[in-house]
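Trainee: Following this message is one structure expressed as structure tokens.
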Amino acid sequence: MTTPASLLSQVEAGIAWITLNRPQQRNALDIPTLEALHALLDAHEADPAVRVLVLTGTGRSFCAGADLAEWAEAEARGELETYGWTEAAHALMTRLHGLAKPTIAAINGTAVGAGMDLALCCDFRIAAQSARFKAGYTGMAYAPDAGASWHLPRLIGAEQAKRLLFLDELWGAERALGVGLVGEVCADDALLQVAGELAMRLAAGPTFAFAQTKALIRDGASRNLAEQLVAEQAAGLLCGRSEDAAEALRAVAEKRTPHFIGR
């Protein structure tokens, strides 16, 4: 597929690096970018050469959320409720959250509104020291509309989620780490290296088993324990039939490191 200028994408050593590339707009998400990113996720999901995805941004912002210029134009046309941003954003967030392959958000700067939500949809979040987080919704007299009300209570608890959403506070990287909004903070100039090291570990792992584990975690919240145990058994049977499981057993017998291929 042809990647638009608003996105950069390259695949190297099993890692798909996706970069939001609208620095003049602080990597804000307009509809063309939302749709192109969705298509890119589809392409990387289907590509067996891709084993893990890393999402980051150019410039000083990770992502400023919705493109307010596009929003203002839609309002001027009387189409604020119908111009399609919400539908495109919801489709993208659902796709990213449901991706079978591991995903990492390398948060290089400010993540606001739907930009923060984009990071929340990823499996792992690594923040540069200069990263900042802001829900942004109530500051514009809106309620969350791209998944924050679902992700935040599960990640940081209801009270901290309400503090971030109600008070519209700007949280630094260390505070985000302290409440569990991100899993790691590093120096700004080490961000891509740290993200790359995690990505390489994931890419070398049994990605078929990762996909099963990811689905169990994602769907487990809607099941009781007995239902989850049934789902775990089914996932275990699938993993047991995989080439990676056979390779793991051979590696144990031969006293060597296994070489996983993701199937």
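Quick note: the sequence shown, position 70, residue 211 per my numbering, numbers continuous.
Beta carbons are placed, not taken as given, at the ideal position from N, Cα and C, and that holds for glycine.
Put glutamine 151 into one of helix, strand or coil per three-state DSSP.
Mentor: Glutamine 151: strand per DSSP, three-state reduction.
Trainee: Beta-carbon within less than 6 Å of leucine 259's beta-carbon, same chain only, minus the 5 sequence neighbours each way: which residues are those?
Mentor: If we look at leucine 259 and ignore the five residues flanking it on each side, its Cβ neighbours are Cys204.
Trainee: Between the C-alpha atoms of lysine 303 and glutamate 325, what's the straight-line distance to the nearest angstrom?
Mentor: One C-alpha to the other measures close to 22 Å.
Trainee: Measure how close the beta-carbons of isoleucine 267 and alanine 336 come, nearest whole angstrom, since I'm counting them as under 8 Å.
Mentor: That belief holds up - the Cβ atoms of isoleucine 267 and alanine 336 are roughly 5 Å apart, short of 8 Å.
Trainee: Please state whether DSSP places alanine 205 in a helix, a strand or coil.
Mentor: Alanine 205: coil per DSSP, three-state reduction.
Trainee: If I measure Cβ to Cβ from alanine 232 and keep anything under 7 Å in the same chain, skipping five residues before and after, which residues do I get?
Mentor: For alanine 232, where only same-chain residues beyond five positions count, the Cβ hits under 7 Å are His179.
Trainee: Please go through the same chain and pick out, in chain order, the residues whose beta-carbon is closer than 8 Å to the beta-carbon of isoleucine 156, but skip the five residues on each side of it.
Mentor: The residues are Val191, Arg192, Val193, Leu194, Val195, Gly337, Ala340, Met341, Ala344.
Trainee: Where are the alpha helix (DSSP H) runs, 4 residues long or more, that stay fully inside the stretch 160-223, in chain order?
Mentor: Listed in chain order, the complete alpha helix (DSSP H) runs (minimum 4 residues) inside the stretch 160-223 are 172-187, 209-217.
Trainee: Tell me whether the beta-carbon of methionine 257 lies closer than 8 Å to the beta-carbon of alanine 282.
Mentor: For methionine 257 and alanine 282, no; Cβs fall outside 8 Å.
Trainee: Can you tell which of Thr199, Leu237, Arg316 has its C-alpha closest to the C-alpha of alanine 184?
Mentor: Nearest C-alpha to alanine 184: Leu237.
Trainee: Note down, in chain order, each residue of its chain lying with its Cβ closer than 8 Å to the Cβ of serine 383, except the 5 sequence neighbours on either side.
Mentor: Answer for serine 383: Pro347, Phe349, Ala350, Arg404, listed in chain order.
Trainee: Grouping DSSP H, G and I as helix and E and B as strand, with all else coil, what is glycine 256?
Mentor: Residue state, collapsed to three classes: helix.
Trainee: I need the straight-line Cα distance from alanine 247 to serine 202, nearest angstrom please.
Mentor: Rounded to the nearest angstrom, the two C-alpha atoms are 11 Å apart.
Trainee: My parser needs the alpha helix (DSSP H) runs of 4 or more residues fully inside the stretch 309-397; what are they?
Mentor: If we require 4 residues or more, the alpha helix (DSSP H) runs fully inside the stretch 309-397 come out as 314-320, 332-344, 348-361, 366-381, 384-395.
Trainee: Can you have a look at alanine 146 and say buried or exposed, based on whether 16 or more other CB atoms are within 10 angstroms of its CB?
Mentor: The residue is exposed, with fewer than 16 neighbouring Cβ atoms inside 10 Å.
Trainee: Beta strand (DSSP E) containing isoleucine 297: first to last residue?
Mentor: Counting along the chain, isoleucine 297 falls outside any beta strand (DSSP E), though it belongs to the alpha helix (DSSP H) covering 289-297.
Trainee: Quick one: measure Cβ to Cβ for alanine 169 and threonine 144, integer angstroms, because I've assumed they're closer than 8 Å.
Mentor: Not really, about 18 Å apart at Cβ, beyond 8 Å.
Trainee: Here's the rule I'm using: 16 or more other beta-carbon atoms within 10 Å means buried, otherwise exposed. How should lysine 396 be labelled?
Mentor: Exposed, since its Cβ has fewer than 16 Cβ neighbours within 10 Å.
Trainee: From Leu161, Ala252, Ala331, pick the residue whose C-alpha is nearest to that of threonine 174; which is it?
Mentor: Here the closest residue by C-alpha is Leu161.
Trainee: Spatial neighbours of glycine 225 within its chain, please: CB distance less than 8 Å, with the 5 preceding and 5 following residues excluded, ordered by chain position.
Mentor: Ile172.
Trainee: Are the Cβ atoms of glycine 288 and methionine 234 separated by less than 8 Å?
Mentor: Result yes, Cβ atoms of glycine 288 and methionine 234 sit closer than 8 Å.
Trainee: Quick one: does threonine 160 have its CB under 8 Å from some CB of chain D?
Mentor: Judged by its chain identifiers, the structure shown contains no chain D, having just a single protein chain.
Trainee: For the alpha helix (DSSP H) containing arginine 273, list its first residue and its last residue.
Mentor: Counting along the chain, arginine 273 falls outside any alpha helix (DSSP H), though it belongs to the beta strand (DSSP E) covering 273-275.
Trainee: How close, in whole Å, do the beta carbons of isoleucine 327 and alanine 389 come, if the pair is a contact with beta carbons under 8 Å?
Mentor: Per the sequence presented here, residue 327 reads as cysteine, with isoleucine not at that position. Contact doesn't hold; Cβ gap of about 31 Å is too wide.
Trainee: Pick from Gln301, Asp188, Leu308: whose alpha carbon is nearest that of leucine 318?
Mentor: Answer by Cα proximity: Gln301.
Trainee: Taking Cβ to Cβ, would you say arginine 273 is nearer than 8 Å to glycine 313?
Mentor: In this structure, glycine 313 lies closer than 8 Å to arginine 273 by Cβ.
Trainee: Name the DSSP beta bridge partners of tryptophan 226, please?
Mentor: The partner list for tryptophan 226 (beta bridge, DSSP) is empty, contrary to what the question assumes.
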